[in-house]
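In what follows, a single structure is set out as structure tokens and then discussed.
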Amino acid sequence: MKSFVIADPEKCIGCGACEIACAVTNSHMIIPEAARIRAAFNPRLNLIFMPEITMPIQCRQCEDAPCAQVCPVGGIVFKGGVVHVKQENCIGCKMCMAACPVGAVNILPRGSVKGEDKEILPEFYADKCELCNDRKEGPACLEVCPAEAFTLVSEDKIKETIKARREKAIHSMG
Numbered sequence: 001m002k003s004f005v006i007a008d009p010e011k012c013i014g015c016g017a018c019e020i021a022c023a024v025t026n027s028h029m030i031i032p033e034a035a036r037i038r039a040a041f042n043p044r045l046n047l048i049f050m051p052e053i054t055m056p057i058q059c060r061q062c063e064d065a066p067c068a069q070v071c072p073v074g075g076i077v078f079k080g081g082v083v084h085v086k087q088e089n090c091i092g093c094k095m096c097m098a099a100c101p102v103g104a105v106n107i108l109p110r111g112s113v114k115g116e117d118k119e120i121l122p123e124f125y126a127d128k129c130e131l132c133n134d135r136k137e138g139p140a141c142l143e144v145c146p147a148e149a150f151t152l153v154s155e156d157k158i159k160e161t162i163k164a165r166r167e168k169a170i171h172s173m174g
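Start counting the sequence shown at 1; every next residue gets the next number (full-length UniProt numbering).
This is the structure:
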């Protein structure tokens, strides 16, 4: 089982700190520099606002990774325990976006190419949460959330939770 990040909608206050931390971390720029050059704001998680709930949605690092299974060019692979987008392989076909069960894949513009008739065509690539895999401190969203709404779920944490639930069930029977 892979690790993944999940947010508690009961705790999320919708402040957007997670989106900012994600976008800055993955742009590999500091905030003043990003603001000065008007860098694209591309967080790898999506903060969803609904009347009764606010919650960040991000990749669950699925064991079967439907996004990787449907990719016709091997643009999404397992790397270091994370479902990883190989942007150099991605052709922007959007199959992964359609296959993702939680809507965590974003399609972003890469630039443009000349088509057969010499017209300029936009080019796209897939992007998604990769748990800030190249960041030694771990996912930036966990670190900055003032409401502590995020949890990094690991295999050990799942086993502990299951064990505690089983013990609680046994005690409630006796």
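Where a beta carbon is used, it is the ideal one built from N, C-alpha and C, also for glycine. In this text the structure is predicted, and so the values were computed from the model without any measurement.
Open item on the list: At the level of alpha carbons, what is the spacing between G138 and S3?
Closed with: 11 Å
Open item on the list: Counting C-beta neighbours from all protein chains within 10 Å, is the total for A98 16 or more, i.e. buried, or is it exposed?
Closed with: exposed
- [ ] Determine, using beta carbons only, whether I162 comes closer than 9 Å to chain D.
- [x] Absence of chain D from the displayed structure is noted, only one protein chain being present.
Task: Beta-carbon separation (whole angstroms), A17 vs N42, contact threshold 8 Å - done: Not quite, the Cβ-Cβ distance comes to about 16 Å (not below 8 Å), so this is no contact.
- [ ] Count the other CB atoms, across all protein chains shown, that sit within 10 Å of the CB of P72; report buried if there are 16 or more and exposed otherwise.
- [x] exposed
Task: Coarse secondary structure for M55, derived from DSSP in three states - done: strand
Task: Coil, strand or helix - R44 by DSSP - done: coil
Task: First through last residue of the alpha helix (DSSP H) which encompasses E167 - done: 155-173
Task: Top-ranked residue by Cα proximity to C141, from T25, K11, A164 - done: T25
Open item on the list: Alpha carbons only, please: which of N89, C132, F150 is nearest the one belonging to A7?
Closed with: F150
Open item on the list: Can you give me the C-alpha to C-alpha distance between M173 and V144, rounded to a whole angstrom?
Closed with: 41 Å
Task: Short Cβ contact (9 Å threshold) for K157 with A126 - done: no
Open item on the list: Which residue wins for smallest C-alpha separation from residue 176, given the options P56, C132, A39?
Closed with: No statement about residue 176 is possible, as the shown extent of the chain runs from 1 to 174 and does not include it.
- [ ] Please state whether DSSP places L121 in a helix, a strand or coil.
- [x] strand
Open item on the list: On the DSSP bridge list, what partners appear for S112?
Closed with: P122
TODO: Would you list the residues sitting across from residue 176 in a DSSP beta bridge?
DONE: Given a span of 1 to 174 for the chain in the structure shown, any question on residue 176 remains unanswerable.
Open item on the list: Just to confirm my understanding: we take S27, look at its own chain, exclude 5 residues before and 5 after, and list those with CB closer than 7 Å. What are they?
Closed with: A34, A39
- [ ] Could you work out which residue in I13, C132, K114 is closest to L45 when comparing CA atoms only?
- [x] C132
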